[in-house]
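Presented below is the structure to which this report refers.
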Amino acid sequence: MIPRGASGKRPRVFSTYEIGESSHSSRLRRVSRMLEPVTGGRHASSQEERTPLPTYFDCGDCVCVCEYCSAMFWFAERVVYASRSNHPRYNQYVDESINDGRGPYVFKVSGQISHWIGSLCPSPNEKPRFLQMYVYDTQNEIANRLRFFAETDRNGLSPAIVSSLSDTLKSINEYVRVFKNAFELCDIEGGPDFSIRLYNNVPDRRYDTPAPDTLGAIVHGDDSNASTYDIILHKKNGTAQRVSKLHPSYMPLQYPLLFPFGEQGWSPRLRLRLPAASRDKNLTVNMYYSYQIHDRAGVYSLLLMGGRLFQQYLVDAYTCIEQSRLDYINTNQNLFRSEEIQILGGPRYMYKHYQDALAICRVHGNPQYFITFTCNVKWPEIARHLNKVNYLHAEDRPDIISCVFQMKVIEFVKFMKEDKTFGDVAAYLYTIEFQKRGLPHCHTLLWVTDPYKIQDASDIDSYVTAQFPDPCTEFSLYKTTTECMIHGPCGLLNPNSPCMHEGQCSKRFPKPFQSETRFDKAGYAHYKRLQGQHHTLRNGIQIDNSYVVPYNKRLCSRFNAHINVEYCGWNMMIKYLFKYISKGADRVRFAIYRAHQNSASTSTHEPPVVNENVTFRDNHNLQSIINNPSFGKTTLTEWLSSNNADSNGRDLTYTNYPSRYRWDVSAKCWIHRAQMRTGAIGRLVYVYPTSGELFYLRTLLSHQKGCKSFDDIRTFSNITYTTFRAACDALGLTGDDREWQTAFAEASTWATSSELRSLFCHMLLFCEVSQPLTLWESEWRKMADDMLLALNSASSNPDFHVNDDDLQQHLLLEIERLLNSATPSKSLKDFGLPLPPTTILATLRNRLLMEETSYNRAALASQHCEMHSLLNANQLQVYNVVKDSTTTESQVLIFVYGHCGTGKTFLWTTIISLFRSIGKIVLAVAASGIASLLLPSGRTAHSRLHL
Numbered sequence: 037m038i039p040r041g042a043s044g045k046r047p048r049v050f051s052t053y054e055i056g057e058s059s060h061s062s063r064l065r066r067v068s069r070m071l072e073p074v075t076g077g078r079h080a081s082s083q084e085e086r087t088p089l090p091t092y093f094d095c096g097d098c099v100c101v102c103e104y105c106s107a108m109f110w111f112a113e114r115v116v117y118a119s120r121s122n123h124p125r126y127n128q129y130v131d132e133s134i135n136d137g138r139g140p141y142v143f144k145v146s147g148q149i150s151h152w153i154g155s156l157c158p159s160p161n162e163k164p165r166f167l168q169m170y171v172y173d174t175q176n177e178i179a180n181r182l183r184f185f186a187e188t189d190r191n192g193l194s195p196a197i198v199s200s201l202s203d204t205l206k207s208i209n210e211y212v213r214v215f216k217n218a219f220e221l222c223d224i225e226g227g228p229d230f231s232i233r234l235y236n237n238v239p240d241r242r243y244d245t246p247a248p249d250t251l252g253a254i255v256h257g258d259d260s261n262a263s264t265y266d267i268i269l270h271k272k273n274g275t276a277q278r279v280s281k282l283h284p285s286y287m288p289l290q291y292p293l294l295f296p297f298g299e300q301g302w303s304p305r306l307r308l309r310l311p312a313a314s315r316d317k318n319l320t321v322n323m324y325y326s327y328q329i330h331d332r333a334g335v336y337s338l339l340l341m342g343g344r345l346f347q348q349y350l351v352d353a354y355t356c357i358e359q360s361r362l363d364y365i366n367t368n369q370n371l372f373r374s375e376e377i378q379i380l381g382g383p384r385y386m387y388k389h390y391q392d393a394l395a396i397c398r399v400h401g402n403p404q405y406f407i408t409f410t411c412n413v414k415w416p417e418i419a420r421h422l423n424k425v426n427y428l429h430a431e432d433r434p435d436i437i438s439c440v441f442q443m444k445v446i447e448f449v450k451f452m453k454e455d456k457t458f459g460d461v462a463a464y465l466y467t468i469e470f471q472k473r474g475l476p477h478c479h480t481l482l483w484v485t486d487p488y489k490i491q492d493a494s495d496i497d498s499y500v501t502a503q504f505p506d507p508c509t510e511f512s513l514y515k516t517t518t519e520c521m522i523h524g525p526c527g528l529l530n531p532n533s534p535c536m537h538e539g540q541c542s543k544r545f546p547k548p549f550q551s552e553t554r555f556d557k558a559g560y561a562h563y564k565r566l567q568g569q570h571h572t573l574r575n576g577i578q579i580d581n582s583y584v585v586p587y588n589k590r591l592c593s594r595f596n597a598h599i600n601v602e603y604c605g606w607n608m609m610i611k612y613l614f615k616y617i618s619k620g621a622d623r624v625r626f627a628i629y630r631a632h633q634n635s636a637s638t639s640t641h642e643p644p645v646v647n648e649n650v651t652f653r654d655n656h657n658l659q660s661i662i663n664n665p666s667f668g669k670t671t672l673t674e675w676l677s678s679n680n681a682d683s684n685g686r687d688l689t690y691t692n693y694p695s696r697y698r699w700d701v702s703a704k705c706w707i708h709r710a711q712m713r714t715g716a717i718g719r720l721v722y723v724y725p726t727s728g729e730l731f732y733l734r735t736l737l738s739h740q741k742g743c744k745s746f747d748d749i750r751t752f753s754n755i756t757y758t759t760f761r762a763a764c765d766a767l768g769l770t771g772d773d774r775e776w777q778t779a780f781a782e783a784s785t786w787a788t789s790s791e792l793r794s795l796f797c798h799m800l801l802f803c804e805v806s807q808p809l810t811l812w813e814s815e816w817r818k819m820a821d822d823m824l825l826a827l828n829s830a831s832s833n834p835d836f837h838v839n840d841d842d843l844q845q846h847l848l849l850e851i852e853r854l855l856n857s858a859t860p861s862k863s864l865k866d867f868g869l870p871l872p873p874t875t876i877l878a879t880l881r882n883r884l885l886m887e888e889t890s891y892n893r894a895a896l897a898s899q900h901c902e903m904h905s906l907l908n909a910n911q912l913q914v915y916n917v918v919k920d921s922t923t924t925e926s927q928v929l930i931f932v933y934g935h936c937g938t939g940k941t942f943l944w945t946t947i948i949s950l951f952r953s954i955g956k957i958v959l960a961v962a963a964s965g966i967a968s969l970l971l972p973s974g975r976t977a978h979s980r981l982h983l
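So my numbering is basically just the index in the sequence shown, starting at one, shifted up by 36.
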């Protein structure tokens, strides 16, 4: 049997897994695939011409049964390579604030999850809790249990049902029997001191009802201190002890209602018995819990009927799986021999795939479409399955939701490839993560071939729409759109919407109406939204096109779900899009500091030594390791060896070598690819510029071809240079700060603005940059992306514009702070860079001052030049008086009188554009609201001056 994993516990990035793997959670990874390019002409220019719209894709019912364990599964979940159509095989703190009544119930915890168990009897003047209620004050057991519920919740609880459950557990649960036997000793005044010992090594390890006297016993004296993992419960002890997750009673003690017979949980001694295997394998924690959460033919599972308690069990099981992985890494350091371990879903793991995604960009350019596919719990497959097992709520079975969504995602990718929804697909990348509400969604980046790339803004209308479809001709699509593709409503229609922040929608809805699709200066697409065509009602509020989320008609028709499609092909901030889909799970940040010494990169005249890390176990013989044929073999050394033996790849650089050859991990050699249908993309790990010869070696590997030795890498024009840096100089890759400009330009394709600022400071401090001002002038804009976004987001003015001079001053201030924090402290003036003015900090803290100085000065200067030439004599006289007053620094009060149409507003606009174009502050105020609207960024006197 191939177990199915549990998902939907908490916001965390999960990557898809291939059908046929032995475990879901153990195969979480990023999927990055290259699809085979399909030849052919361009499709019809309009999506509406490709009629009819596709019908809904139904996964069918969960009717297949595993031949080994009777697990129920969908046909699409079968092990593809071993299946036939008629005989398939299957593949601490509880946060309740999230459940505010606006969505499905979610069990959310934070902190470390652990189980604790206390003494058998409570301390003096304390009432019994937890297992103490089985032993102490049993006459009032029901009242003691009900007192933990709030008054409102207690009214809905029946004492008779609670009493019935308690009596049932007393008769069938072996743990309760052990505790009840201790009750008689506790009731004896002056009775013996005793403890309850719950065995860790239980003799009977079958899945049937536990036999008597196999789970625990009442012990006396020193016998209570036996076995490492046994749980010892003393009669009276003020301190609680932690229950090891290795103990088989870890789950049945926590969830007696889910395991009423006290069924034992996972233990390290459990083995996986395979018929064809020579010996049994370890049964991992993930395998065990995956087995637990399966529906099985003819078997009633109380665990799967647990509702919200089942959700808590899944979260608990997931933490056990994650803790087991961390424990394995901690106890097997001898196998890894590495300071940096990649944990599945961890920062290094996600960063690696972020770099892989950018390598695709290096070959195929920017992706064209960013698609978010969200699970729909109202899908008929989910509804039919829940109705079959008499469930009322979809959130009660997050495992079913995850399985159906996994099948939908596979079909989703297949459909875009075969249907050519956006044209011929060149490459795609997707990742699956879970919302805070537990529903999975898939983020997809899509690359299309050159004939299908957007050439004009109007071409987007063929693939993306932000309007309601016609309810008469496209009724099914209209229903999907009104149910799944509407944002909010929010804003003035619903100020209490969750997306509202400081009186504004964080997603910037409602969107303004557009007569046609257009691009803004940053490359973002603003989609066509016509006013007054179709609308719908939601909660009694009329919704128009301004609240429609952009979508593709064919995808929504096919999958009946929220599928947001955004065009991103013209956006230069594409690296932040990759950062978004590679962000991984929420984390806690902490730092461990270690004293170390940095040294500047220096070149020597000695031949460079290439250091290689070799891992081995501490009990291995060093001579046998050295004599091993695979000793010291790496992808780089074997690239050199392969070029010696095979001339077919000598026209390739080391970076491009994977396009024709693949690396065999077991044999440690490069093997020529038998099939060239998919273009593999190679990439080099980024090396910091201060790494010395290693940095220059990496630079050469991107240029030198057909090298057979390290000497060949340092050879140019039949001259072998003594160092890699000297070879870079001969190739013209260095000198005049070219190496630093190249390194900075390469880093700017994937690094964030803050990382680039840190890199710039590092170059100034340690890299012997000869012309820092030249490097600054060519690269400063790349370091200011986040500052520009922060300034635009903080302003409520839609015409807010940050001038280059102001942005440079803000950036220089941040660079100065970084240099001042260095050891020893440095300053911009030490490198010949301009210092920011002393008033810049006050300007940054004054929002009104920022708004009044942040106009597009170039556009205003052009406007002023044009308007000034049109001034008449009277207007020009007033204009000159105002202009001269600023030159002489004198105050003037001017009253301009004239009837309507004499050009007063034209004059004021010309004067305002003059001063704002040179960075002056102009407050344009008027007595009335109508008059203020005629002035550029005008306000009424009451509004501006708070009269």
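Cβ coordinates follow ideal geometry from the N, Cα and C atoms, glycine included.
- The stretch 688-716 is shown to contain whole beta strand (DSSP E) runs of 3 or more residues at 697-700, 705-708, in chain order.
- Listed in chain order, the non-local C-beta contacts of Pro531 below 8 Å within the same chain comprise Gly539, local neighbours out to five positions each way being set aside.
- In the DSSP annotation of this structure, Thr859 is not part of any beta strand (DSSP E), being labelled neither H nor E.
- Distances from the CA of Phe780 to each of Phe796, Gly382, Ile954 were compared; the closest alpha carbon is that of Phe796.
- In this structure the stretch 550-568 does not touch the stretch 516-535; the number of beta carbon pairs closer than 8 Å is below three.
- Straight-line spacing of the CA atoms in Arg309 and Arg686 works out to 50 Å.
- Residue environment: Ile851 is assigned as buried (16 or more neighbouring CB atoms within 10 Å of its CB, all protein chains considered).
- Under the three-state reduction of DSSP, Leu306 is assigned to coil, being neither helix nor strand.
- Just so you know, the alpha carbons of His571 and Phe545 end up roughly 16 Å apart.
- Thr572 is bridged by DSSP to Ile579.
- Cβ contact annotation for Gln844 (same chain, cutoff 7 Å, sequence separation greater than five): Trp816, in chain order.
- Non-local C-beta neighbours of Ser494 in its own chain, meaning closer than 7 Å and more than five positions away in sequence, comprise Glu552, Thr553, ordered along the chain.
- CA-to-CA, the gap between Pro694 and Thr770 works out to about 27 Å.
- For Ser360, same chain residues with a beta-carbon under 6 Å away, outside a window of 5 residues either side, are Val321 in chain order.
- Straight-line spacing of the CA atoms in Gly955 and Ile947 works out to 13 Å.
- The DSSP-derived three-state label of Trp415 is coil.
- When DSSP states are grouped into helix, strand and coil, Trp675 belongs to the helix group.
- Less than 9 Å separates the beta-carbon of Tyr732 from that of Ala763.
- Beta-bridge partners of Phe752 (DSSP): Ile755.
- Between the stretch 428-443 and the stretch 406-414, the count of C-beta pairs closer than 8 Å reaches three or more; the two stretches touch.
- Excluding its 5 nearest sequence neighbours in each direction, Asn908 has C-beta neighbours in its own chain below 8 Å: Gly939, listed in chain order.
- A straight-line Cα-Cα distance of about 21 Å links Ser582 and Ala558.
- Beta-bridge annotation (DSSP): Leu811 is not paired with any residue.
- The beta carbon of Met287 is closer than 6 Å to those of Gly301 in its chain, skipping five residues each way along the sequence.
- Of the residues Cys508, His389, Ser280, Phe451, the one whose Cα lies closest to the Cα of Thr91 is Phe451.
- Leaving aside the five residues that flank Val958 on each side, the residues in its chain whose CB is nearer than 6 Å to its CB run, in chain order, Ile948, Phe951, Arg952.
- Per DSSP, reduced to three states, the secondary structure at Phe760 is helical.
- Its Cα nearest to that of Tyr722, the residue Leu394 stands out among Val335, Leu205, Leu394.
- Going by C-alpha positions, Ile717 is about 28 Å away from Tyr560.
- It is roughly 27 Å from the alpha-carbon of Gly937 to the alpha-carbon of Ser979.
- Ranking Asp866, Phe867, Leu885 by CA distance to the CA of Thr875 puts Leu885 first.
- For Val932 and Ala962, the gap between their C-alpha atoms comes out near 13 Å.
- Per DSSP, Thr467 is one residue of the beta strand (DSSP E) stretching across 461-470.
- Just so you know, the alpha carbons of Tyr616 and Asn588 end up roughly 22 Å apart.
- In summary, Tyr336 is exposed, with fewer than 16 beta-carbon neighbours lying within 10 Å of its beta-carbon over all protein chains present.
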